[in-house]
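I have placed the structure first, in the form of structure tokens, so that the comments after it can refer back to it.
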Amino acid sequence: MSPIFVRPVREQLEHDRLIRLLQTRYKRKFDVLANVGEERVAPVKIGPNVYYPDLVLSQGKKLACLVEVETGESVNNLEAMAQWTHFSHARVPFHLYVPMPMIDAARRLAGANRSHITELW
């Protein structure tokens with residue numbers, strides 16, 4: 006489970022809306038599975054652990070990309086250590102979506118935790 010146990014309702018709704026929007030966009034090129042809210046539809050095994058990124062993109066049976074959506078509340082060191090670091094070591098591109106004011110903080114956290122983010126949006 007994510008270190009962000011309780012996200013404010015308004016932010017959770019915006020988070021879930023953005024996941025669904027990205028899901029429809031990525032459907033043009035990939036097979037997309039989404040883990041929205043408490044749903045656990047698309048597990049990804051990285052090393053000995055199983056994670057649930059917001060979007061799992063695949064082409065056929067091959068994993069193509071992992072996408073994580075963050076809100077202002079969830080751009081923090083705990084989230085970076087618990088998820089970003091592992092997703093960036095999955096040997097597939099890792100895309101991270103954060104609110105505009107949090108881009109510099111996300112870059113700093115990714116660098117501090119040695120997370121390789123393919124695309125930061």
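Everything in the sequence shown is counted per the working numbering, starting at 6 for the first residue and increasing by one.
By construction, the Cβ of each residue, glycine as well, lies at the ideal position given by its N, Cα and C atoms.
Measuring straight from C-alpha to C-alpha, what distance separates phenylalanine 99 and proline 106?
Start at 1 with the first residue of the sequence shown, and residue 99 comes out as number 94. Start at 1 with the first residue of the sequence shown, and residue 106 comes out as number 101. Cα-Cα distance, rounded: 20 Å.
Count the other C-beta atoms from every protein chain shown that fall within 10 angstroms of the C-beta of glutamine 64, then say buried if there are 16 or more, exposed otherwise.
What you label residue 64 is simply residue 59 of the sequence shown in a count that begins at 1. Answer is exposed; the Cβ neighbour count stays below 16.
Ordered along the chain, which non-local residues of its own chain (more than five positions away) have a Cβ less than 6 Å from that of tryptophan 126?
Numbered from its first residue, the sequence shown carries residue 126 at position 121. So the list reads Tyr102, once near-sequence residues are dropped.
So proline 48 packs on valine 55, CB below 8 Å; how close in whole Å?
If you number the sequence shown from 1, residue 48 lands on position 43. If you number the sequence shown from 1, residue 55 lands on position 50. Contact flag correct, Cβ pair sits at about 5 Å.
Which full runs of the beta strand (DSSP E) of 3+ residues lie inside the segment 27-68, going along the chain?
36-39, 49-51, 54-56 and 60-64
Tell me, please, which residues DSSP counts as bridged to histidine 100.
As a working note, residue 100 is residue 95 in the sequence shown. Histidine 100 pairs with Val72 and Glu124.
Within the continuous alpha helix (DSSP H) that includes histidine 94, where are the two ends?
Here residue 94 refers to the residue found at position 89 when the sequence shown is read from its first residue. Premise fails: histidine 94 is in no alpha helix (DSSP H) and is neither H nor E.
Taking DSSP as the reference, what is the three-state secondary structure of valine 14?
Taking the first residue of the sequence shown as position 1, residue 14 is located at position 9. Helix at valine 14.
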